[in-house]
Amino acid sequence: MNAEGVSAHAEGNFKSVQDHIAKLANDQKVIVAKFEALSGNVEELRSIISQYSEKMNALEECSADRRRVRGDIYTLKKRIDELYAIVKEGKEDNSCPSDDVQDVESCHSEVSTSSKVAMTTGLDRDTIRSAYEDVRSDGTPTEWAVFKFEGSRIVCSARGSDFTEFRKQFADDERAFGYLRLQMGDEMSKRRKFLFVTWVGPNVSVINRAKMSTDKAIIKDIISNFAVELQLESQAEIDIDQFKDALNRAGGANYGTGVRDL
Numbered sequence: 001m002n003a004e005g006v007s008a009h010a011e012g013n014f015k016s017v018q019d020h021i022a023k024l025a026n027d028q029k030v031i032v033a034k035f036e037a038l039s040g041n042v043e044e045l046r047s048i049i050s051q052y053s054e055k056m057n058a059l060e061e062c063s064a065d066r067r068r069v070r071g072d073i074y075t076l077k078k079r080i081d082e083l084y085a086i087v088k089e090g091k092e093d094n095s096c097p098s099d100d101v102q103d104v105e106s107c108h109s110e111v112s113t114s115s116k117v118a119m120t121t122g123l124d125r126d127t128i129r130s131a132y133e134d135v136r137s138d139g140t141p142t143e144w145a146v147f148k149f150e151g152s153r154i155v156c157s158a159r160g161s162d163f164t165e166f167r168k169q170f171a172d173d174e175r176a177f178g179y180l181r182l183q184m185g186d187e188m189s190k191r192r193k194f195l196f197v198t199w200v201g202p203n204v205s206v207i208n209r210a211k212m213s214t215d216k217a218i219i220k221d222i223i224s225n226f227a228v229e230l231q232l233e234s235q236a237e238i239d240i241d242q243f244k245d246a247l248n249r250a251g252g253a254n255y256g257t258g259v260r261d262l
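Numbering (full-length UniProt numbering), first residue to last: 1 to 262.
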């Protein structure tokens with residue numbers, strides 16, 4: 001091959017390399033443009049996920065509200081049924097000759113009184129407030145307190161830290177209230193939650209059942225800070241796992257690994 005042939009071949013190779021470089025440069029521009037478009041899509045996706053998360057939180061709050069409303073309706077229905085039973089029992093019971101409403105109530109509840117003023121429930125405020133603050137304090141081991149009726153007064157009957165002992169406080173023929181402190185959350189977020197329970201044993205009379213709503217309002221004048229309120233009517237319902245489940249449903253889900261160090 002002569003010099004002219006070599007020069008022409010070299011020039012052809014050089015042009016081919018230039019064409020490849022130009023193609024690579026164009027491909028690079030296309031890749032950069034696609035990357036920029038992808039970045040924009042990622043930002044848009046993040047915004048959509050954020051909006052979706054907010055909507056999920058709002059939905060959880062609405063679900064919790066619906067559960068509370070259903071619970072209130074159920075409680076109201078029970079109260080109406082109990083009051084109807086009281087009226088029916090009062091009409092059918094001939095053991096009380098008095099026509100006075102207060103005398104009838106006294107006869108049914110086996111409380112002897114000549115007063116025509118209905119007996120109101122009192123509070124041992126000092127002991128109840130002391131127990132309430134004891135449970136709420138991080139500086140004491142006390143994790144529960146129980147409040148029972150002594151005559152016409154509500155008093156603190158027991159307090160402690162062992163849940164097994166807490167379960168033993170409630171008899172089938174008793175009315176009572178309980179206040180508990182439970183550690184909730186996961187390894188990422190541990191927090192203490194408080195629970196208020198109303199106990200109405202299965203052998204409690206209809207009249208005393210109906211009085212519980214009024215008596216509960218009285219003690220809640222002191223026991224005022226809690227995340228969940230439950231009404232219990234059987235020993236099977238005094239279950240720490242059920243209590244924690246109720247607190248979790250009221251306070252939202254946990255997002256750790258699920259390994260709890262309680």
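C-beta: ideal position from N, C-alpha, C; glycine also.
What distance in whole Å lies between the Cβ atoms of residue j and residue i, which are believed to be in contact at a cut-off of 8 Å?
i: E61; j: V206; result: Rounded, the Cβ-Cβ distance is 37 Å, inconsistent with contact.
i: I154; j: T121; result: 6 Å
i: L180; j: K244; result: At roughly 10 Å, the Cβ-Cβ gap does not stay under 8 Å, so L180 and K244 are not in contact.
i: K193; j: A158; result: In fact, because the Cβ distance is near 21 Å, the residues do not count as touching under 8 Å.
So the candidates are the options; which of them puts its Cα closest to the Cα of residue i?
i: R191; options: A246, D241, V146, G251; result: G251
i: G178; options: V155, V146, S161, S157; result: V146
i: I218; options: E165, A158, I49, R125; result: R125
i: S213; options: E44, A158, T75, E36; result: T75
i: N225; options: I238, R136, T140; result: R136
i: D173; options: V30, E165, P202, I49; result: P202
i: I223; options: I128, K29, G12; result: I128
i: G139; options: S161, D65, D215; result: S161
i: N248; options: N26, A64, N13; result: A64
i: D72; options: V200, Q231, E133; result: Q231
i: T142; options: K148, E150, F163; result: F163
i: D215; options: S152, I31, E54; result: S152
i: K78; options: W144, D27, K211; result: K211
i: D221; options: L123, G40, S234, N13; result: L123
i: E233; options: G185, R175, A37, V17; result: R175
i: V200; options: F166, Q235, G185; result: Q235
Buried or exposed: residue i, going by 16 or more other Cβ atoms within 10 Å of its Cβ?
i: R209; result: buried
i: M56; result: exposed
i: T198; result: buried
i: K15; result: exposed
i: A22; result: exposed
i: F170; result: buried
i: D19; result: exposed
i: C67; result: The sequence as given places Arg at residue 67; Cys does not occur at that position. Exposed.
i: Q242; result: exposed
i: E11; result: exposed
i: L45; result: exposed
i: L24; result: exposed
i: L195; result: buried
i: K148; result: buried
i: I80; result: exposed
i: Y132; result: buried
i: I238; result: buried
i: D134; result: buried
Would you identify the three-state DSSP class for residue i, choosing helix, strand or coil?
i: T198; result: strand
i: Q82; result: In the sequence under discussion, the amino acid at residue 82 is Glu, which differs from the Gln named in the question. Three-state result, E82: helix.
i: Q235; result: helix
i: G139; result: coil
i: S50; result: helix
i: S224; result: coil
i: K55; result: helix
i: E61; result: helix
i: E229; result: strand
i: D245; result: helix
i: F163; result: helix
i: F170; result: coil
i: S205; result: coil
Strictly by DSSP, which residues pair up with residue i?
i: C156; result: F147
i: L180; result: W144, L195
i: G185; result: K190
i: L123; result: I154
i: R175; result: V200
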